[in-house]
Amino acid sequence: MIIDIFNHHISKSVGKMMEKAKYYGEGKEFPYPVQNADPEARLAIMDKYGVDVQALSQTTPVLLGLSDEDATEVCRLSNQDNYALCKAYPDRFVNICIFHLVDMKGTMEEFKRCVNELDCRGVTIASSQKGRGLDDPEFYPFYEKVIEHDLPILIHGTHWECSPLMDMEHSWRFLHVFGWDYDGTQALWRLIFGGVLDRFPTMKIVTHHLGNYFPFFQRRIECNFKGFLKDKLPRDITEYFGNIYGDTAVDGTIGAFQCGYSFFGAERMMYGSDYPFGPEAGEDFVRENLFGVKALPIPTKEKEMILGGNAQRMLKIK
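Numbering (this note's numbering), first residue to last: -7 to 310.
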């Protein structure tokens, strides 16, 4: 079985809500790929490459530029529309629900609805919440509920624009290419050093783009911990890595798969495509990320774990 744990579904109703977002230009609909909201196009790509199930999630940058109330409404729409697709094709899709933690009241109400009515199999949150780190104690009640229901937390990078060198005025896409993964990396750092993983030792974190900067800088992380940060944590930093999983959405960069495998092993690595984004209406990322896993010089059993076995257990797919 092949399961895509990290892909995106932006429904037309959510795209319409983006007209309220000044971030994308007020009055403009979110520029999602046209094939995104077409289930037949999505299923055709899945069938072509043998993908059995997609775990549908929202991409957190759709919340940029919205008021907290509108962001929560986008979450509600996303979760509802994802569930509608899952209900229409129950053997092909499962629902990963998105939450805007800045609005904790709305988040807790929506979480209850998602687990009771929308067959929630996991949650998506942005790597930072309007400048607040994921170690903010105000978010603890959400984490408690997520862990109570044994759900994974999928962290998606988002924009941070504190530096004038982030090129937003030039549209060079620095934040899209590098910045989101920086923000994902700081999220992991704060979850570790902010004490969240000590408080919630069973938390399961699924990183987008194969662990952000952690795999490439693993030894740099360990050396800095031993040299400067040992008194900041009650355990060796490597003991926290077991809470962290990585998807394979590295756009088919072959060297990244081996780097990710060296960090995660087969047990904590899962196929993810980032569909519908990417060249060829998203087909390129589906194909090339599959190829990257299959090209790894590892036993067939481990490839099967990465391609679907790990996600099947995590998402409780029968």
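For every residue, glycine included, the Cβ atom is placed at its ideal position computed from N, Cα and C.
query	result
Residue from Leu110, Arg124, Gly114, Gln72 whose Cα sits closest to the Cα of Asp95	Arg124
Limits of the alpha helix (DSSP H) - the one that Tyr373 falls within	Residue coverage of the chain in this structure runs from -7 to 310, which leaves residue 373 outside it and unanswerable.
Counted within 10 angstroms of its Cβ, other Cβ atoms place Asn216 as buried (16 or more) or exposed	exposed
Euclidean distance between Cα positions of Tyr174 and Tyr205	7 Å
Straight-line gap, Arg105 to Gly114 (C-alpha atoms, nearest Å)	13 Å
Rounded Cβ spacing between Ile309 and Ile(-5) (contact assumed at less than 8 Å)	7 Å
Contact belief for Asp276 with Gly270 at Cβ below 8 Å, rounded distance in angstroms	5 Å
Beta-carbon spacing of Ile290, Tyr253 below 9 Å	yes
Buried/exposed call for Ala80, threshold 16 Cβ in 10 Å	exposed
Beta-carbon separation (whole angstroms), Gly176 vs His200, contact threshold 8 Å	6 Å
Reference Ile37; option with closest CA among Gly274, Met306, Glu296, Gly300	Gly274
Residues near Thr245 in its chain [Cβ-Cβ closer than 8 Å; skip 5 each side]	Gly284
Pair within 9 Å by beta-carbon distance, Pro207 and Asn235	no
Among Lys4, Val43, Val45, nearest to Pro25 - alpha-carbon criterion	Lys4
Distance between Asn(-1) and Met195 (C-alpha atoms, nearest Å)	21 Å
Reduced DSSP secondary structure (H/G/I, E/B, other) of Tyr263	coil
Tyr205, DSSP secondary structure in three states	coil
Own chain, CB closer than 7 Å to Leu77, minus 5 neighbours either side, in chain order	His1, Pro31, Leu48, Phe85
Val43 versus Ile184 - alpha carbon distance	34 Å
Where Phe233 falls: helix, strand or coil (DSSP)	helix
Where Arg191 falls: helix, strand or coil (DSSP)	helix
C-beta contact flag for Glu61 and Gly98 at 9 Å	yes
Rounded C-alpha distance that separates Lys295 from Arg305	15 Å
First through last residue of the beta strand (DSSP E) which encompasses Gln46	45 to 49
Through-space distance from Lys293 to Met9, alpha-carbon basis	44 Å
Rounded C-alpha distance that separates Asp243 from Tyr267	10 Å
Between the CA atoms of Ser119 and Gln178 - distance to the nearest angstrom	8 Å
For Ala303 and Ile(-3), believed in contact at Cβ under 8 Å, the rounded distance	5 Å
Residue range of the unbroken beta strand (DSSP E) whose run includes Gly114	112 to 118
Which listed residue (Ala29, Asp83, Leu55) has its alpha carbon closest to that of Asp73	Ala29
Contact belief for Asn87 with Asn71 at Cβ below 8 Å, rounded distance in angstroms	7 Å
Distance between beta carbons of Val45 and Val54, contact taken as under 8 Å	Going by Cβ atoms, the distance from Val54 to Val45 rounds to 23 Å, so no, they are not a contact pair.
Where His148 sits in the DSSP three-state scheme	strand
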